[in-house]
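Throughout, this note's numbering is defined as the position within the sequence shown, counted from one, plus 587.
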Amino acid sequence: MKFLMILLLSSLCFSQNIFKIEPYVIFSKNNISYLAFELNAPSLVRVKLSSKVRQSIINLKNRFEEKKFYKLKVGKLKCDRIYDFEVKVEDSKYHKMEVISHPCDEAQSLKFLFITDTQSIKSNPRLGYSRHRNIAKAVMDKLEDQDVNFAVHAGDVVSKGGNSEHWLKFFDLARMYLEKLPMIAALGNHDYHGELEEGNPQNFNKYLRAKPDSLLGNVYLSFPQVDLLVHNTNYEHLSEKEIQEQFKWIERKCLKAKLVSKKVILVSHHPAFSSTFGHITKDTKYIRKKLLPIIEKSGNIPLVLSGHVHTYERSEKDGIVYLNGGSSGGIMNPSRYKNKYSKFLVRFKPTYSLIEVNDKFINIETFDKKNELVEEHKINF
Ligand SMILES: [Fe+2]
588 MKFLMILLLS SLCFSQNIFK IEPYVIFSKN NISYLAFELN APSLVRVKLS SKVRQSIINL
648 KNRFEEKKFY KLKVGKLKCD RIYDFEVKVE DSKYHKMEVI SHPCDEAQSL KFLFITDTQS
708 IKSNPRLGYS RHRNIAKAVM DKLEDQDVNF AVHAGDVVSK GGNSEHWLKF FDLARMYLEK
768 LPMIAALGNH DYHGELEEGN PQNFNKYLRA KPDSLLGNVY LSFPQVDLLV HNTNYEHLSE
828 KEIQEQFKWI ERKCLKAKLV SKKVILVSHH PAFSSTFGHI TKDTKYIRKK LLPIIEKSGN
888 IPLVLSGHVH TYERSEKDGI VYLNGGSSGG IMNPSRYKNK YSKFLVRFKP TYSLIEVNDK
948 FINIETFDKK NELVEEHKIN F
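Following this line, the structure appears as structure tokens:
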């Protein structure tokens with residue numbers, strides 16, 4: 588028994604010594620996935636993947652160059668599969684992830700974690716991080732008995748995008764769910780903060796985007812059950828031409844989905860509606876004026892996910908649900924504005940949601956840090 592304990596502890600210390608950021612998987616455009624991790628010291632690595640072709644390409648490419656940060660293209664995660672990712676650093680094997688891909692059949696449910704604003708609080712970082720820690724633990728417990736396919740983050744992953752320490756802290760806590768779930772994140776305003784070049788979220792792109800992804804920050808993912816359009820609502824960092832380009836992209840992708848009778852879920856950082864003062868900022872006004880007509884005209888967007896305002900709220904307008912995730916780290920905002928589309932609101936409570944989608948409905952379950960149900964809402968098609 589004593590020997591077993593020593594063995595377990597030494598393997599834990601070993602992994603902490605090697606990895607600055609433990610392996611995680613991100614979704615890039617068209618569902619192409621990347622396995623990423625950061626080492627404490629430059630080392631050669633080898634990976635073991637279920638795709639032997641991809642494995643050989645990666646291992647051949649990384650045979651001679653010792654690096655600290657790795658972002659390795661592992662390809663499209665095909666439906667109805669379980670993927671194992673094994674990393675070998677120098678001579679030591681490190682087995683990390685087992686990912687359940689999505690179901691092939693559109694009648695079978697796809698399930699994803701919806702989380703947002705894991706950033707901390709400027710005046711009280713410890714409080715912010717403890718909120719994220721509590722939510723991450725609750726998600727980890729939930730993942731013990733539920734098959735969840737991936738995680739969607741609505742942005743403000745960190746408080747100061749340009750500060751590498753903030754990213755390390757995020758991954759240190761998020762590994763509780765990232766060790767099982769590939770993630771796609773929208774760009775939040777804080778993810779731009781403190782970067783060397785204003786408007787260029789270098790760390791966000793380093794950790795959460797891949798080379799082929801659009802520099803505008805938008806990503807398209809497609810599953811048999813639904814399409815996901817992650818787009819960038821940080822309009823102050825985009826030119827008018829880029830904003831229009833993104834709007835046209837949303838229109839095109841929605842039309843493409845409509846032709847095969849598919850629904851689309853939109854994900855962005857800033858919301859359209861809120862009972863907080865976030866409702867009357869420049870970004871949200873712009874969304875209501877310019878993006879809302881596109882959403883309403885599409886006819887196949889039943890759900891819009893966002894964050895930013897740090898208050899869990901479900902609004903509904905013309906049959907479309909607008910869900911603001913409760914902050915998992917940022918400061919809680921008071922709700923003093925009268926949002927006429929509000930249907931459900933929770934004040935001062937960090938939350939996360941599990942969203943189930945199939946060809947008949949979307950079901951949203953929202954939980955607090957104790958995994959007590961805060962709200963359940965079903966959208967029937
Ligand atoms: Fe924000």
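Note that the Cβ used here is the ideal one computed from N, Cα and C, for glycine as well.
Between the alpha carbons of residue i and residue j, how many angstroms are there, rounded?
{"i": "D671", "j": "Q642", "result": "12 Å"}
{"i": "F758", "j": "E829", "result": "30 Å"}
{"i": "F810", "j": "N711", "result": "40 Å"}
{"i": "C600", "j": "F606", "result": "At C600, the pLDDT of 45 sits below 50, so the modelled position is not reliable and the matter cannot be decided from this model."}
{"i": "N582", "j": "V632", "result": "Coverage of the chain is limited to positions 588 through 968, which leaves residue 582 absent and any answer about it impossible."}
{"i": "N750", "j": "E685", "result": "30 Å"}
{"i": "V612", "j": "I687", "result": "12 Å"}
{"i": "I722", "j": "Y928", "result": "27 Å"}
{"i": "S801", "j": "S615", "result": "10 Å"}
{"i": "H780", "j": "T705", "result": "15 Å"}
{"i": "H856", "j": "T938", "result": "16 Å"}
{"i": "G715", "j": "V745", "result": "10 Å"}
{"i": "T953", "j": "D870", "result": "26 Å"}
{"i": "I966", "j": "D678", "result": "51 Å"}
{"i": "N776", "j": "F701", "result": "18 Å"}
{"i": "S637", "j": "G662", "result": "11 Å"}
{"i": "L742", "j": "T703", "result": "Per the sequence presented here, residue 742 reads as Gly, with Leu not at that position. Going by the C-alpha atoms only, they are around 6 Å apart."}
{"i": "W836", "j": "K660", "result": "25 Å"}
{"i": "S707", "j": "G916", "result": "5 Å"}
{"i": "V817", "j": "Y807", "result": "6 Å"}
{"i": "N821", "j": "I852", "result": "19 Å"}
{"i": "F968", "j": "P880", "result": "21 Å"}
{"i": "L795", "j": "I771", "result": "7 Å"}
{"i": "L783", "j": "K793", "result": "14 Å"}
{"i": "S893", "j": "E673", "result": "33 Å"}
{"i": "R668", "j": "A694", "result": "17 Å"}
{"i": "E785", "j": "P769", "result": "28 Å"}
{"i": "N926", "j": "R713", "result": "32 Å"}
{"i": "K845", "j": "I882", "result": "13 Å"}
{"i": "A623", "j": "K658", "result": "4 Å"}
{"i": "E823", "j": "A773", "result": "15 Å"}
{"i": "E962", "j": "E903", "result": "15 Å"}
Should residue i go down as buried or exposed, given a rule of 16 or more other Cβ atoms within 10 Å for buried?
{"i": "E731", "result": "exposed"}
{"i": "P858", "result": "buried"}
{"i": "E625", "result": "buried"}
{"i": "K680", "result": "exposed"}
{"i": "F699", "result": "buried"}
{"i": "P921", "result": "exposed"}
{"i": "S848", "result": "exposed"}
{"i": "Q831", "result": "exposed"}
{"i": "K884", "result": "exposed"}
{"i": "M588", "result": "Only weak support is given to the placement of M588: the predicted model assigns it a pLDDT of 45, under 50, and the value that follows is read from those uncertain coordinates. Classification for M588: exposed."}
{"i": "G906", "result": "exposed"}
{"i": "E900", "result": "buried"}
{"i": "S826", "result": "exposed"}
{"i": "L960", "result": "exposed"}
{"i": "N790", "result": "buried"}
{"i": "F737", "result": "buried"}
{"i": "I951", "result": "buried"}
{"i": "K957", "result": "exposed"}
{"i": "P799", "result": "exposed"}
{"i": "L547", "result": "The first residue shown for the chain is 588 and the last is 968, placing residue 547 beyond what the model contains."}
{"i": "V640", "result": "exposed"}
{"i": "K709", "result": "exposed"}
{"i": "F890", "result": "Reading the sequence as shown, one finds Leu at residue 890 and not Phe. By the 10 Å Cβ count, L890 comes out buried."}
When you compare each of the options to residue i by their alpha carbons, which one comes out closest?
{"i": "R934", "options": "V896, N945, F948", "result": "V896"}
{"i": "L932", "options": "K665, K884, M919", "result": "M919"}
{"i": "S861", "options": "V851, Y909, H818", "result": "Y909"}
{"i": "C691", "options": "I852, E785, N945", "result": "N945"}
{"i": "E766", "options": "P610, E963, I942", "result": "P610"}
{"i": "I949", "options": "A738, I874, H964", "result": "H964"}
{"i": "Y764", "options": "E784, R796, H719, E782", "result": "H719"}
{"i": "R650", "options": "L941, K675, G912", "result": "K675"}
{"i": "L803", "options": "K793, K876, N787, K930", "result": "N787"}
{"i": "N604", "options": "I619, I874, N627", "result": "N627"}
{"i": "F656", "options": "K639, H824, P629", "result": "P629"}
{"i": "V739", "options": "N911, K936, E962", "result": "N911"}
{"i": "I619", "options": "A761, A797, S902", "result": "A797"}
{"i": "D955", "options": "H866, D728, V640, L760", "result": "D728"}
{"i": "H682", "options": "V634, C841, V640", "result": "V634"}
Next on the checklist: Just to be sure I understand the criterion: a residue counts if its Cβ is closer than 5 Å to at least one heavy atom of ligand 1. Which residues meet that?
Outcome noted: D743, G775, N776, H895
Item to check | Whole runs of the alpha helix (DSSP H) within the stretch 792-854, excluding any shorter than 4 residues | outcome: The stretch 792-854 contains these whole alpha helix (DSSP H) runs: 827-846.
Checklist entry - What runs of the alpha helix (DSSP H), each 4 residues or longer, lie entirely inside the stretch 590-672? => result 639-648
Item to check | Whole beta strand (DSSP E) elements within the stretch 710-744, 3-residue minimum | outcome: 737-740
Checklist entry - Which full runs of the alpha helix (DSSP H) of 4+ residues lie inside the stretch 842-916, going along the chain? => result 869-873, 879-885
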